[in-house]
Amino acid sequence: MEYLPGGDMMTLLMRKDTLTEDEARFYIAETVLAIKSIHKHNYIHRDIKPDNLLLDRYGHLRLSDFGLCIPLDCSTLKEKDFLRADSFNGTSQNCERLV
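Take the sequence shown: its letter number 80 is residue 80 in UniProt numbering, and every next letter is one higher.
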């Protein structure tokens, strides 16, 4: 495993209290890229939280703790799997849009 001396995002948030808009934009973009990478390999992380976002020596994020990660199998997805996403933005989702 790669050595990540930057700690985790939770510790950073506790230490800094607030992030600048540019910092928040950077970390959100890095998180989205990490999630996109996992989805591209047809997996769902299921435990994304600040404690699982680790920082390398350059301040870049690495997603950790894949203990709850499961393969994304579009053939077994049911409508109930999308209820939270649907209620969040009011649109229906499909498997192709997730990956």
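Cβ atoms here follow ideal geometry from the backbone N, Cα and C, with glycine treated the same way.
No experiment lies behind these values; they were computed from the predicted model shown.
>> On the CB-based measure, 16 or more other CB atoms within 10 Å of its CB, does residue 45 come out buried or exposed?
In response: Reading the sequence shown from its first residue, position 45 is the one you call residue 45. Burial call: buried.
> Any idea if residue 8 is buried or exposed, counting beta-carbon neighbours within 10 angstroms, 16 or more meaning buried?
Replying inline: Along the sequence shown, read from residue 1 onward, the residue named residue 8 stands at position 8. It is buried - the Cβ of residue 8 has at least 16 other Cβ atoms within 10 Å.
> How many whole angstroms separate the CB atoms of residue 4 and residue 55, which I take to be in contact at a CB cut-off of 8 Å?
Replying inline: Here residue 4 is taken as the residue at index 4 of the sequence shown, counted from 1. Here residue 55 is taken as the residue at index 55 of the sequence shown, counted from 1. Confirmed, Cβ separation roughly 6 Å.
> Looking at the structure shown, is residue 50 part of a helix, part of a strand, or coil, going by DSSP?
Replying inline: Reading the sequence shown from its first residue, position 50 is the one you call residue 50. Three-state DSSP puts residue 50 in a helix.
>> Quick test of your reading: residue 51 and residue 10, contact by CB under 8 Å. State the CB separation rounded to the nearest angstrom.
In response: Reading the sequence shown from its first residue, position 51 is the one you call residue 51. Reading the sequence shown from its first residue, position 10 is the one you call residue 10. The pair is a contact, with the Cβ atoms about 5 Å apart (cut-off 8 Å).
> Could you give the distance in angstroms between the alpha-carbon of residue 12 and the alpha-carbon of residue 27?
Replying inline: Within the sequence shown, residue 12 is the residue found at index 12, counting from 1. Within the sequence shown, residue 27 is the residue found at index 27, counting from 1. Taking the straight line joining both Cα atoms gives about 11 Å.
>> Is it buried or exposed, residue 24, if we count other Cβ atoms within 10 angstroms and call 16 or more buried?
In response: The residue you call residue 24 lines up with position 24 of the sequence shown. So residue 24 ends up on the exposed side.
> Assuming residue 21 contacts residue 62 under a Cβ cut-off of 8 Å, what Cβ separation, rounded to an integer in Å, is found between them?
Replying inline: In the sequence shown, counting from the first residue as 1, residue 21 sits at position 21. In the sequence shown, counting from the first residue as 1, residue 62 sits at position 62. Incorrect: roughly 23 Å between the Cβ atoms, too far for contact.
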